[in-house]
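Notes to accompany the following structure.
There are 2 protein chains.
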Amino acid sequence: MADQARTDVNTLGEFGLIEHLTKNFKTRQKTTILGVGDDAAIIDTGGPEQLVVSTDMLVEGIHFDFAYTPLKHLGYKSVSVNVSDICAMNARPQQITVSIAISNRFSVEALDEFYEGVRAACDKYGVDLIGGDTTSSLKGLIISVTAIGRAPAERITRRSTAKVGDIICVTGHLGSAYLGLQLLEREKEVYLANPDMQPEMKEENKELYAAILRPEARTDMVDLFAKNNIIPTAMIDVSDGLASEIFHICKASGVGAILEEGNIPIKQEAQLQALEFNMDPVTVALSGGEDYELLFTIDPKDLEKVRFLPNIYISGEIVAKEDGVKLHTVGGNIHPVRAQGWEHFGE
Amino acid sequence: MADQARTDVNTLGEFGLIEHLTKNFKTRQKTTILGVGDDAAIIDTGGPEQLVVSTDMLVEGIHFDFAYTPLKHLGYKSVSVNVSDICAMNARPQQITVSIAISNRFSVEALDEFYEGVRAACDKYGVDLIGGDTTSSLKGLIISVTAIGRAPAERITRRSTAKVGDIICVTGHLGSAYLGLQLLEREKEVYLANPDMQPEMKEENKELYAAILRPEARTDMVDLFAKNNIIPTAMIDVSDGLASEIFHICKASGVGAILEEGNIPIKQEAQLQALEFNMDPVTVALSGGEDYELLFTIDPKDLEKVRFLPNIYISGEIVAKEDGVKLHTVGGNIHPVRAQGWEHFGE
Numbered sequence: 001m002a003d004q005a006r007t008d009v010n011t012l013g014e015f016g017l018i019e020h021l022t023k024n025f026k027t028r029q030k031t032t033i034l035g036v037g038d039d040a041a042i043i044d045t046g047g048p049e050q051l052v053v054s055t056d057m058l059v060e061g062i063h064f065d066f067a068y069t070p071l072k073h074l075g076y077k078s079v080s081v082n083v084s085d086i087c088a089m090n091a092r093p094q095q096i097t098v099s100i101a102i103s104n105r106f107s108v109e110a111l112d113e114f115y116e117g118v119r120a121a122c123d124k125y126g127v128d129l130i131g132g133d134t135t136s137s138l139k140g141l142i143i144s145v146t147a148i149g150r151a152p153a154e155r156i157t158r159r160s161t162a163k164v165g166d167i168i169c170v171t172g173h174l175g176s177a178y179l180g181l182q183l184l185e186r187e188k189e190v191y192l193a194n195p196d197m198q199p200e201m202k203e204e205n206k207e208l209y210a211a212i213l214r215p216e217a218r219t220d221m222v223d224l225f226a227k228n229n230i231i232p233t234a235m236i237d238v239s240d241g242l243a244s245e246i247f248h249i250c251k252a253s254g255v256g257a258i259l260e261e262g263n264i265p266i267k268q269e270a271q272l273q274a275l276e277f278n279m280d281p282v283t284v285a286l287s288g289g290e291d292y293e294l295l296f297t298i299d300p301k302d303l304e305k306v307r308f309l310p311n312i313y314i315s316g317e318i319v320a321k322e323d324g325v326k327l328h329t330v331g332g333n334i335h336p337v338r339a340q341g342w343e344h345f346g347e
Numbered sequence: 001m002a003d004q005a006r007t008d009v010n011t012l013g014e015f016g017l018i019e020h021l022t023k024n025f026k027t028r029q030k031t032t033i034l035g036v037g038d039d040a041a042i043i044d045t046g047g048p049e050q051l052v053v054s055t056d057m058l059v060e061g062i063h064f065d066f067a068y069t070p071l072k073h074l075g076y077k078s079v080s081v082n083v084s085d086i087c088a089m090n091a092r093p094q095q096i097t098v099s100i101a102i103s104n105r106f107s108v109e110a111l112d113e114f115y116e117g118v119r120a121a122c123d124k125y126g127v128d129l130i131g132g133d134t135t136s137s138l139k140g141l142i143i144s145v146t147a148i149g150r151a152p153a154e155r156i157t158r159r160s161t162a163k164v165g166d167i168i169c170v171t172g173h174l175g176s177a178y179l180g181l182q183l184l185e186r187e188k189e190v191y192l193a194n195p196d197m198q199p200e201m202k203e204e205n206k207e208l209y210a211a212i213l214r215p216e217a218r219t220d221m222v223d224l225f226a227k228n229n230i231i232p233t234a235m236i237d238v239s240d241g242l243a244s245e246i247f248h249i250c251k252a253s254g255v256g257a258i259l260e261e262g263n264i265p266i267k268q269e270a271q272l273q274a275l276e277f278n279m280d281p282v283t284v285a286l287s288g289g290e291d292y293e294l295l296f297t298i299d300p301k302d303l304e305k306v307r308f309l310p311n312i313y314i315s316g317e318i319v320a321k322e323d324g325v326k327l328h329t330v331g332g333n334i335h336p337v338r339a340q341g342w343e344h345f346g347e
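Line by line, the protein sequences give chains A and B. Per the UniProt record's numbering, the first sequence starts with residue 1, numbered consecutively. Per the UniProt record's numbering, the second sequence starts with residue 1, numbered consecutively.
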């Protein structure tokens, strides 16, 4: 690895790096309907349904910290975040593979905890564990999960198909996971400063902790869409924050967006906690990540169908590309939105 | 992770650990035809072909050493070893996902090298890169690849379906990869002891180096079987050594096996190199790993079809379970075979 030129990976950002590394790959199989660039790839089966495939890696010290992450929750979350990508395609998850690399500080009992969480998530989402790999690592725990789902071709929803005039919707509250993480980090600092101090997990913050430690994928929304005969025009899951995700939809679809500040769903406990941290709750909702809600757009003709569905918040509108991505504040001002998701590179 | 009981993961061995961790998982989707326990899982599509899915993790310091592993070869190998699992199901690979976790010592140029190798393998095997994940690691490079292949249901070959009387075949020479690795390790030692000494990569050992650094998956064999109307009765790829793999087939199929020492294919240069290392060439072929040849069994009625095919070596016979797994030596003796593959745990 004695490089002539040496470009730091951090200079490209996570999405720039992926684009750079995969730009020379062409797909050639007729069965590959969609490759890199969405929440999941789409594969034709020759049968009535198409498959969607997504994969994610979780790395100790980067994505989770054992100072406050129970192994069982981590197992559950490893499945949830991948199932969430399948939901973002409007497909139903059916199979997963789970691979782990572990250092020898992990005992069989610790792994049992982790797999108990995996199993609880499999039970919840109705997915089958069909494979994986188990190997040693030099340091820490690395988890790689691949999820496979399926749906009729006409129901599969990409991020690249939003149209001007479409309504922007969100399936649930945003910012909770980010605030839960800040609370856990604060408690870790307290503990490190004085190991006699027990971390204080306040009952009133229970849902913030759960949001970061044990997020749920919105398989229920995929069912709700099917039951109400709705096909979103575009969809993505909120893993990196609302701002980052709306930018992904806008970039892929060649459109702009205007978000209504007053209609961004934020839990009351998240509002209060943000204020306690001297943060603006809307900024937290826009830029915090890991909520795993679905961000989607619908044709205006479906607005009446969606309006009365539970847990769906109508939060904005797709506009022309030239109009950019903007926030319409409660005070009546219009601000440009910046995409500041949780990029691991370039932080 | 304050465990009451603490069982070291090394006590179970790699395969024992996987069995332990996955034993409580039941499959529930009708589309899951085969879950954990073979080279790949099998998924029904509702169409004329079934999908097979396999996943592998490669960890720096465990599976590869940058002292002698060119990144481009590593990219190629990461694809090959997964495609090999698809071949072991008698299926054709079509899609892969490639995820990497990297520490910040890797430059964009280094990753370009790696992905050039991935691309060369995609071109060779006709597979499409359809997804992946790119993230930071605290230490070293971790690679996770998932491969997806397909085949008509009746052609898919498991490891659990060998029958007494079946003929045992191997698709190519064994032991080369292990000897290539020993050579590279020896040269690393020389270099570490005296950094002025340049590693000596002898031309005559070229194929041994290639076997470990840039192995090929036997997609050609899947084509050869189809063309000659042969369906193996059972198959596995040789990733952990012939002994370990024949034990897998025998355990899964509930049979025994007798291998003919004289018919285990070993390259002449591997024979010579084994002797130079004071190793028995047959032991190296039995216990060395990473050759990525296919080990398969055929119905005796197909023997005449197979006998004249190129690169297929007839190396033994499936016998009753009670007869165990034995080696019939050139000298006429019968020895029990021990399964000593490359288990990462328990070494």
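Quick reminder that beta carbons are idealized off the backbone N, C-alpha and C, glycines included. In this text the structure is predicted, and so the values were computed from the model without any measurement.
Practice problem: Measure the C-alpha to C-alpha separation of B/Gly117 and B/Ile156 and round it to an integer number of angstroms. | Solution: Translated into the one-based positions of the second sequence, residue 117 of chain B becomes position 117. Translated into the one-based positions of the second sequence, residue 156 of chain B becomes position 156. Computed Cα separation, rounded: 29 Å.
Quiz item: According to the Cβ coordinates, are A/Ala217 and A/Tyr125 closer than 8 Å?
Solution: In the first sequence, counting from the first residue as 1, residue 217 of chain A sits at position 217. In the first sequence, counting from the first residue as 1, residue 125 of chain A sits at position 125. Cβ distance < 8 Å, so A/Ala217 and A/Tyr125 count as in contact.
Quiz prompt | When B/Asp44, B/Phe25 and B/Met235 are compared against B/Thr31, the one with the closest alpha-carbon | solution = Position 31 of the second sequence, counted from the first residue, corresponds to residue 31 of chain B. Closest option to B/Thr31, Cα to Cα, is B/Asp44.
Quiz item: If you drop the 5 nearest sequence neighbours on each side, which residues of the same chain put their C-beta closer than 8 Å to that of A/Pro300?
Solution: Counting from 1 along the first sequence, the entry for residue 300 of chain A is found at position 300. Around A/Pro300: Gly165, Asp166 and Ile167.
Quiz item: I think A/Val127 touches A/Pro93, with their Cβ atoms under 8 Å apart; what is that distance to the nearest whole Å?
Solution: Position 127 of the first sequence, counted from the first residue, corresponds to residue 127 of chain A. Position 93 of the first sequence, counted from the first residue, corresponds to residue 93 of chain A. Indeed they touch by this definition, with Cβ atoms about 5 Å apart.
Self-check item: Beta-carbon contacts of B/His271 that lie in its chain and below 8 Å, excluding the five residues immediately before and after
Solution: Reading the second sequence from its first residue, position 271 is the one you call residue 271 of chain B. Note on identity: in this sequence residue 271 of chain B is Gln, with His being the wrong assignment. Closer than 8 Å at the Cβ level, and outside the excluded window around B/Gln271, lie Pro281.
Practice problem: Apply the 10 Å Cβ neighbour rule to A/Gly75 and answer buried if 16 or more other Cβ atoms are within range, or exposed otherwise. | Solution: Taking the first residue of the first sequence as position 1, residue 75 of chain A is located at position 75. So A/Gly75 ends up on the buried side.
Exercise. Have a look at B/Tyr292, B/Gly254, B/Gly288 and B/Asp56 and flag the residue whose alpha-carbon is nearest the alpha-carbon of A/Ser144.
Key: As a working note, residue 144 of chain A is residue 144 in the first sequence. For A/Ser144, the nearest C-alpha among the options comes from B/Asp56.
Exercise. Can you give me the Cβ contacts of A/Val337 inside the same chain, cut-off strictly under 6 Å, excluding the 5 residues immediately before and after it?
Key: The residue you call residue 337 of chain A lines up with position 337 of the first sequence. Excluding residues within five positions, the ones whose Cβ falls inside 6 Å are Ala243, Val325 and Leu327.
Quiz item: Quick one: what does DSSP say B/Ser144 is sitting in, helix, strand or coil?
Solution: Counting from one through the second sequence, the residue named residue 144 of chain B turns up at place 144. Strand, per DSSP.
Quiz item: What does a CB cutoff of less than 7 Å around A/Asn228 pick up in its chain, not counting 5 residues either side in sequence?
Solution: As a first step, residue 228 of chain A is located in the first sequence; it is residue number 228 there, counting from the start. The answer, listed in chain order, is Lys305 and Leu309.
Quiz prompt | Ranges of the alpha helix (DSSP H) found wholly within the UniProt domain "PurM-like C-terminal" (163 to 306) of chain B, counting only runs of at least 4 | solution = 176 to 193, 206 to 213, 219 to 227, 242 to 253, 268 to 276 and 281 to 287
Practice problem: May I ask you to report which of helix, strand or coil DSSP gives A/Phe64? | Solution: For the purposes of this step, residue 64 of chain A is taken as residue 64 along the first sequence, with counting starting at 1. Residue state, collapsed to three classes: strand.
Self-check item: Beta-carbon gap between A/Glu322 and A/Gly254 smaller than 8 Å
Solution: In the first sequence, residue 322 of chain A corresponds to position 322, counting from 1. In the first sequence, residue 254 of chain A corresponds to position 254, counting from 1. Contact: no.
Quiz item: Is there a Cβ from chain B that is less than 8 Å from the Cβ of A/Ile156?
Solution: Along the first sequence, read from residue 1 onward, the residue named residue 156 of chain A stands at position 156. So no, A/Ile156 is outside the interface.
Quiz prompt | Burial state of B/Asp3, where buried means 16 or more other Cβ atoms lie within 10 Å | solution = As a position in the second sequence, residue 3 of chain B is number 3, starting the count at 1. Unreliable placement is indicated for B/Asp3, whose pLDDT of 45 sits below 50; the coordinate value is still reported in the next sentence. Result: exposed.
Self-check item: Alpha-carbon spacing of A/Arg105 relative to A/Tyr178, whole angstroms
Solution: Here residue 105 of chain A refers to the residue found at position 105 when the first sequence is read from its first residue. Here residue 178 of chain A refers to the residue found at position 178 when the first sequence is read from its first residue. Going from the Cα of A/Arg105 to the Cα of A/Tyr178 covers about 29 Å.
Quiz prompt | Under 8 Å between C-beta atoms of B/Gly241 and B/Gly289 | solution = In the second sequence, the residue the question calls residue 241 of chain B occupies position 241. In the second sequence, the residue the question calls residue 289 of chain B occupies position 289. Going by C-beta atoms, B/Gly241 is nearer than 8 Å to B/Gly289.
Exercise. Under 8 Å between beta-carbons, which chain B residues line up against A/Glu8? List them in chain order, please.
Key: The sequence position of residue 8 of chain A within the first sequence is 8, counting from 1. It should be pointed out that residue 8 of chain A corresponds to Asp in this sequence rather than to Glu. The contacting residues are Asn104, Ser107 and Val108.
Exercise. Consider the Cβ of B/Pro48: report whether some Cβ of chain A lies at a distance smaller than 8 Å.
Key: For the purposes of this step, residue 48 of chain B is taken as the residue at position 48 of the second sequence. Interface residue, yes.
Quiz item: Who pairs with B/Asp56 in a beta bridge, going by DSSP?
Solution: What you label residue 56 of chain B is simply residue 56 of the second sequence in a count that begins at 1. Looking at the DSSP assignment, B/Asp56 forms a beta bridge with B/Val145.
Quiz item: Counting contacts by CB-CB distance shorter than 8 Å, is A/Met57 in contact with chain B?
Solution: Mapped onto the first sequence, residue 57 of chain A falls at position 57. Yes, because at least one Cβ of chain B sits closer than 8 Å to the Cβ of A/Met57.
Quiz prompt | DSSP three-state assignment for A/Val9, whether helix, strand or coil | solution = Here residue 9 of chain A is taken as the residue at index 9 of the first sequence, counted from 1. Three-state DSSP puts A/Val9 in a helix.
Self-check item: chain A within 8 Å of B/Phe345, Cβ atoms only
Solution: For the purposes of this step, residue 345 of chain B is taken as the residue at position 345 of the second sequence. Legend: pLDDT at B/Phe345 = 42, less than 50; position of this residue unreliable, no value from coordinates given.
Quiz prompt | Residue closest to B/Asn82, alpha-carbon to alpha-carbon, out of B/Ile231, B/Leu129, B/Leu208 and B/Val319 | solution = On the second sequence, position 82 is the one that residue 82 of chain B refers to. Taking only the C-alpha atoms, the option nearest B/Asn82 is B/Leu129.
Quiz item: Looking only at C-alpha atoms, which of B/Ser78, B/Leu286 and B/Phe296 sits nearest to residue 353 of chain B?
Solution: Here chain B comprises residues numbered 1 to 347, so residue 353 of chain B is not present and cannot be evaluated.
Exercise. Give the C-beta separation of A/Ser78 and A/Leu51 to the nearest angstrom, bearing in mind that I take them to be a contact with Cβ-Cβ under 8 Å.
Key: Residue mapping note: residue 78 of chain A aligns to position 78 of the first sequence, counting from 1. Residue mapping note: residue 51 of chain A aligns to position 51 of the first sequence, counting from 1. At roughly 21 Å, the Cβ-Cβ gap does not stay under 8 Å, so A/Ser78 and A/Leu51 are not in contact.
Quiz item: Which partner residues does B/His328 have in the DSSP bridge list?
Solution: Residue numbering aside, residue 328 of chain B sits at position 328 when the second sequence is read from its first letter. According to DSSP, which records beta bridges pairwise, B/His328 is partnered with B/Glu260 and B/Ile334.
Quiz item: Quick one: Cα of B/Glu276 to Cα of B/Glu261, how far?
Solution: Within the second sequence, the letter at position 276 stands for residue 276 of chain B. Within the second sequence, the letter at position 261 stands for residue 261 of chain B. Looking at the two C-alpha atoms, the distance is approximately 20 Å.
Practice problem: Please confirm whether B/Val222 and B/Ala91 have their CB atoms less than 8 Å apart. | Solution: Locating residue 222 of chain B in the second sequence gives position 222, where the first residue counts as 1. Locating residue 91 of chain B in the second sequence gives position 91, where the first residue counts as 1. In contact: B/Val222 and B/Ala91 (Cβ atoms closer than 8 Å).
Quiz item: For B/Arg6, does the count of other Cβ atoms within 10 angstroms reach 16, so buried, or fall short, so exposed?
Solution: Start at 1 with the first residue of the second sequence, and residue 6 of chain B comes out as number 6. B/Arg6 comes out exposed.
Quiz item: Between the C-alpha atoms of B/Ser315 and B/Ile246, what's the straight-line distance to the nearest angstrom?
Solution: Residue mapping note: residue 315 of chain B aligns to position 315 of the second sequence, counting from 1. Residue mapping note: residue 246 of chain B aligns to position 246 of the second sequence, counting from 1. Rounded to the nearest angstrom, the two C-alpha atoms are 11 Å apart.
Quiz item: chain B partners of A/Thr32, CB-CB under 8 Å?
Solution: Within the first sequence, numbered from 1, the residue matching residue 32 of chain A stands at position 32. By Cβ distance, chain B contributes Gln94, Gln95, Asp128 and Ile130.
Exercise. Pick helix, strand or coil for B/Thr22, following the three-state DSSP scheme.
Key: Mapped onto the second sequence, residue 22 of chain B falls at position 22. Three-state result, B/Thr22: helix.
Quiz item: Short check: CB of A/Ala285 to CB of A/Leu174, under 8 Å?
Solution: Walking along the first sequence from the start, residue 285 of chain A turns up at place 285. Walking along the first sequence from the start, residue 174 of chain A turns up at place 174. Taking 8 Å as the Cβ cut-off, A/Ala285 and A/Leu174 qualify as a contacting pair.
Self-check item: Within-8 Å CB hit, B/Gln198 to chain A
Solution: Taking the first residue of the second sequence as position 1, residue 198 of chain B is located at position 198. Closer than 8 Å: no.
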